[in-house]
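Participant: Under our numbering, think of the first position of the sequence shown as 90, with each following residue one higher. All C-beta atoms in this analysis are idealised placements derived from N, C-alpha and C, irrespective of residue type, glycine included.
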Amino acid sequence: MATNRTFTMLKPDAVEKGHVGAILEKINASGFRIVAMKLTQMTKNDAETFYAIHKERPFFGELVEYMTRGPIVAAILEKDNAVEDFRTLIGATNPAEAAEGTIRKLYAASIGENAVHGSDSDDNALIESTFHFSGREMF
Ligand code: UDP
Ligand code: MG
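#1: So, using beta-carbon positions, are V153 and T95 closer together than 8 Å?
#2: Can you tell me the Cα-Cα spacing of I165 and K194, whole angstroms?
#3: Can you name, in chain order, every residue of its own chain whose Cβ lies under 7 Å from the Cβ of G120, other than the five neighbours on each side?
#4: Going by C-alpha distance, which of T191, A163, N183 and V109 is nearest D174?
#5: Just to confirm my understanding: we take I116, look at its own chain, exclude 5 residues before and 5 after, and list those with CB closer than 7 Å. What are they?
#6: Classify P101: buried if its beta carbon has 16 or more other beta carbons within 10 angstroms, exposed otherwise.
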C-alpha cells in the first residue's frame, strides 16, 4: 500500500538559479504538505552513499560532482499517494522528455542537471528521509 510521504531535493542548479521559491510554490499548489525542510550541502561521501545504486553508471562521477557543488534544499512532503504523485509533478529524468508544466520541463537544463529529486518508491522515501533528517526535524 502506498504511504503518504516522499523525499525531495531541490538540487544545486535550482538553488543557484534562484528557482527555490517557484518550485516550492508549485509543490504547495499541488497539495503537498512540507513535513521537513532545510538548506544543506552534501559531502562527497554523502552523495556517493545517497546515489550508491548508480555507482557503476558512466555518469556517477559527474553526478557526485554536481550534487556536492553547492547547497540543496532537502524536504519531506506529505500527500495521499505522495511518491507517485510527486514523480508525476517533477516529470521525466530527461527534461526533453518531461511533460508540459512539470518541474523538470520548467526548470531543468539537462538530464544531468535536472533541478529536482523525487523518491522512486515508499521504501526509498523512508531511507532517503532518514538519511537527511532526524526524527526531531520531521513535523
Ligand atoms: N543522471 C544523469 N545521467 C543519466 C541519468 C541520470 O546525469 O543518464 C542523473 C540525474 O541527475 C538523475 C540522477 O542521476 O536525476 C539519478 O538518476 P535516476 O535514473 O535515478 O533518475 P531520477 O530518479 O532522478 O529521475
Ligand atoms: Mg532515481
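Facilitator: Let me lay it out:
#1: No; because the gap between Cβ atoms is not below 8 Å, this pair is not in contact.
#2: Each residue's CA atom was taken as its position, placing I165 and K194 some 22 Å apart.
#3: Here the set comprises K168.
#4: Ranking T191, A163, N183 and V109 by CA distance to the CA of D174 puts T191 first.
#5: Spatial neighbours of I116 in its own chain (CB-CB distance under 7 Å, excluding positions within 5 residues in sequence) are listed in chain order as L166.
#6: Burial check for P101: the Cβ neighbour count within 10 Å reaches 16 or more, so the residue is buried.
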